[in-house]
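Quick notes on the structure that follows.
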Amino acid sequence: MNKYKETVRMLSMRNALILTYTILGVALFIVTCVFFMYSNSRGLMAQSENYTSVAGQQSAKHISNFCASIERSARMIYDDKDFLEFYVKGSIPTAEERKTISDLTVMMTKTKFITDYADFGIVYSSGIYAGSVSDGIKDLFGNDFYGKADELLGDKPETWTALYSGSLSRACFLKRLNPYAILITTFYSTKLGSIISTGNEMSRLSICVTDSSGRVIHASDNLGLTAGAHLPSDMESPIDGRIDITVGNSTGAICAVAVSNGWIVYSRVLADKDARYGSLSTRDFIIFMGMTSLLLFVVSGIIISAFYTSERKKRRISETEYDEELGVLTPFYCEDKICDRIETSLVGGTWAFTLVKIKDTDLIRSRLGEDFLRGGQKQLAGILKESFGDSSIIGINDDNALVVFTDFSDYDLFKAHDNLVRTHNDTLKLFSRLLVGDNSDYKLDVAMGVCIYPDQAKDYDELDLKARQALEAALDTENDSLVFYDEKKIGGGRR
Amino acid sequence: MTIRKSVLALALSASLLLASCTETDAVPVKHSVALSVSWWGRDVRHSYTISALNEFSKLNPDIELSTEFAEFDPFLKQMDVEFATHHECDVMMINYDWLFRYSPDGTGFYDLGQLADEIDLSTFTAEQLSYGIVDGKLNAISNALNCETCYYNADLYKRYGLGLPSSWDDLFKAAELMRGDGIYPIELNRKASWMAAIAHEEQRTGIRCFDDNNKLGFTAENFANVVSFYRDLVEKNVTKYMNEIGTQDFTRGISAGAMVWISDAGYFCEPAIKSGHKIEVGDYLRIPGSEILGWYAKPTSMYCIRRDTKSPKEAAKLVDFLINSEEMALLQGTEKGIPMSKSMLEVLESNDLLHGIQFDSNKKLLSTIEIKRVSPYLENIGLVEAFERSARAVLYEGEDPESEGRMLYDIAKDLKLEP
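As structure tokens, this is what we get:
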């Protein structure tokens, strides 16, 4: 029954340890994961911001370059002084004026095809046009084309604007050629789509070009914005009127970059919810966690089981604490208690580790039997208890030697040593009572080997080794004998 | 198992976990099928076509579209350049005469007959498909029929006590009455001026400029009469000179009428109708008692595919979408005229969209049996531009119609069905 209780206790301890280590392992894993996820999230955010910023800057640069090429096309008018100074004076052109208009139209039309403009022409204050001026742009400017163009230019020599028609928009460049003539160049803003393509698979990147008032000139398809619409608040709010800035938040990163002609390019990369958590979806994360916990549980169980089923430790389960016949501690518990005592001993103390063994045990066992020997050991254990007292730890080791660990601590070290030696010598004398046999007519000789802790050894194993050496020396002598470990005489030293 | 082995197993497990965390992730870059598509028209057409293409892209995410579009004249010049440099789009909307201009032997465009699995041709009659056949190959599929048609501001005519004109003389008479108020009875843009002057000469002489076999019937004298007649129209205030017509003259009441394609009727008439004018479809102008009508219809907005496109099936899918789909039908409505496609007609009918000025003019076209299919030569842009130059020369540069007529004749007789 006692053995059963011990076993249950041990198994319970083992399970508790498995559980504890598993919880600790999982906790460590979670902390590590959270750390890595946080780090990863920060890294991804930094990457997104960088990516968004680069996309915005590149787009703005492309648009600036494209617009600059359109501005340069005006130079061809400047190349001919007659064209530059020409204007139609009346509402009906003269024959000579028609000729000039025709020449201008031919030249400008050719240029228009090279660069794919929607319009490339000149409007005169008289309301006459030269070059290629579409009906669409005439509709947008209305009856007073020149007046509207003049109003848009104001005092500036040239300007960019955007014109909206339904879901279409035109980018429009106006440049004053002379006091009565304005060059007008337009292109459909859909052309910007090929300049700032976001790629059809990269749905998380969106790019939007607006005029200075925030109206959309062109937006990538994944934004679902039509030309002329106002920039949505989820893009406008984070930027809050600032320019040349990248802002990151939980929804992603957004960047606003100024274009040289006064427009603004907004680029946005929406956060990937999965990517923010280390490329793991919630479901994957739970599975990963579960598998890892299971693995830790199994591995911990195996390790703990292996630990408790080792040759050394399994005796904790199989042995009882006391040898019921001898009334002393069994080998495992004896060692265990002595080790505990050593660990809790105060500095400056003095202990004796004593091995006591009946001499010629093999001969006695073979001639007189095991019971005879056990009877002698029982008497010997009683003598030792009597001599060393209850405060001593008394047990038996695997070699059938009795083990005694006794505290002789005293403030006076010499006194402690004297007491130790005297007690052992007194005990040796008591062995004369060790008489066995039916008529107590057979005297058993006993050998004692003593090692002093901590003077001669620092731990259990060293104590055991040196005490064994002393015991061996004692066994080699006649009658009852006592040998204190002496390094000079016995040698050995630390193991 | 020893503790050492157990620890080893744990370390191995941890290593595997860490290894799984550092696994490289290779994602292939997807390349879409790139298709370019081009068309001409006004902003309203650009706007709905772009919307329709967005719908197509949603339905076909593996196809990436790029677009080219412009108004008619610049688009034509652009096409010339693109064909010359072999940079045309995969899918193109072309005008009727361009079919013969760019594919005189039927090899200039892809044979759509080979793509019948992708394009539902059953929604067109054999006659409708024949408009796009060149040398036995189905080069293009037409969206609708088009014809230069007269639209009048009935209120304005009524103000002068006039009925809607049905003859040229009616126009000249109206011009006399309206001149004092700076109003023109009709406005004729470049193409309308050309077609009107040709119609007048054909009606007057009973000779067709080009017959059904594209043989030239006019002489230099006929062409001189064409130019003279146009000069009369301008000088007698029937119309403004073609290049001086404002886009909103009809809406503003400066012009009491406009001769435009059925497909342009919405652009010209809707603003006037919204402004409160009563706009009505007029008769095809003719000399009373003339033997022939002199007016022609043409298939319009013809879709074709680049002859050596890298993605014929995808291009065909797009063409089918443009001529047959519900999405396109609803967005396009009758902007290009009344669609020929049976499936598009069903969509418009079920959505109660078959009405309005374009529907009325289409009905007039279909009910006028004397109207013939136009010769691609008559549509030839070179000839039309030459007429424009001649008209300017005669009107403003003191040239005589006879010499201009000879010049036009020389151009017309040298026309060939090739670029």
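Line order of the protein sequences matches chains A and B. If you count by this note's numbering, then the first sequence holds residues 9 to 503, one letter each, in order. If you count by this note's numbering, then the second sequence holds residues 663 to 1081, one letter each, in order. Beta carbons are placed, not taken as given, at the ideal position from N, Cα and C, and that holds for glycine.
Shown here, A:D494 sits in coil according to DSSP, grouped into three states, outside any helix or strand. In this structure, B:A991 is the residue among B:V888, B:E1032 and B:A991 with its C-alpha nearest to the C-alpha of B:R707. Taking a contact as a CB-CB distance under 8 Å, the pair B:I924 and B:C931 does not count as one, their CB atoms being some 11 Å apart.
For A:G357, no alpha helix (DSSP H) encloses it, and the DSSP letter there is neither H nor E. By the Cβ neighbour-count rule, B:R704 is buried, with 16 or more other Cβ atoms within 10 Å of its own. Bridge pairing for A:R184: A:I190 [DSSP].
Chain-ordered, the chain B residues with CB closer than 9 Å to the CB of A:G174 read D705, V706, H708, S709 and Y710.
For B:T729, the neighbours in chain A by C-beta distance under 7 Å run, in chain order, T198. Listed as beta-bridge partners of B:S700 by DSSP are B:E730 and B:M754. In this structure, DSSP gives A:G256 an extended state, which the three-state scheme calls strand.
In this structure the region 327 to 340 of chain A lies against the region 387 to 401 of chain A, because at least three pairs of beta carbons, one per stretch, are closer than 8 Å. Around the beta carbon of A:E93, fewer than 16 other beta carbons sit within 10 angstroms, so the residue counts as exposed.
Within chain B, no residue has its beta carbon less than 8 Å from that of A:N433; the closest one is some 45 Å off. Taking a Cβ-Cβ threshold of 8 Å, the residues of chain B close to A:S140 are D735 and P736, in chain order. Note on B:G999: 16 or more other CB atoms within 10 angstroms of its CB, so buried under the neighbour-count rule. Sequence-ordered contacts of the region 142 to 154 of chain A with chain B read S142, D143, G144, K146, D147 and N151 [C-beta pairs closer than 7 Å]. Taking 8 Å as the upper bound on Cβ-Cβ separation, chain B lies near residues T117, K120, F121, D124 and A126 of the region 113 to 129 of chain A. Taken atom to atom, the span from the alpha-carbon of A:I109 to that of A:G139 is near 7 Å. Residue pairing by DSSP puts A:L213 in a beta bridge opposite A:V277.
The DSSP-derived three-state label of B:M1006 is helix. Take the alpha-carbon of B:W856 and the one of A:E244: they are about 53 Å apart.
Using a CB distance below 8 Å, the part of the region 1045 to 1059 of chain B facing chain A consists of R1054, Y1058 and E1059, ordered along the chain. Its chain contains Y95, V96, Y154, Y188 and A189 as the residues whose beta carbon lies nearer than 7 Å to that of A:Y132, once the 5 sequence neighbours on both sides are disregarded; these appear in chain order. Scanning its chain for C-beta atoms nearer than 8 Å, with the 5 sequence neighbours on each side dropped, one finds around A:K156 the residues F149 and G150, in chain order. Between the region 977 to 988 of chain B and the region 825 to 834 of chain B, the count of C-beta pairs closer than 8 Å stays below three; the two stretches do not touch. B:D1076: not part of any beta strand (DSSP E); DSSP gives it neither H nor E. For A:Y468, the enclosing alpha helix (DSSP H) has its first and last residue at Y468 to L483. Ranking B:C966, B:N899 and B:Q776 by CA distance to the CA of B:C751 puts B:C966 first. According to the DSSP assignment, B:E976 belongs to no beta strand (DSSP E) but to the alpha helix (DSSP H) extending over P974 to N986.
Between B:A918 and B:Y814 the beta-carbon gap is near 6 Å, inside 8 Å, which marks them as a contact. Along the region 84 to 113 of chain A, the positions whose C-beta sits under 7 Å from a C-beta of chain B are A103 and R106, read in chain order. Here B:S784 is exposed, its C-beta having fewer than 16 other C-beta atoms within 10 Å. Here A:K107 carries a helix assignment [DSSP, helix/strand/coil]. DSSP, reduced to helix, strand and coil, places B:K877 outside both helices and strands of the structure shown, so it counts as coil. With respect to the 7 Å criterion, B:G1067 and B:V896 are not classified as neighbours on the basis of their beta carbons. Within the same chain, Cβ atoms closer than 7 Å to the Cβ of A:D406 are found at P339, the five residues on either side in sequence being excluded.
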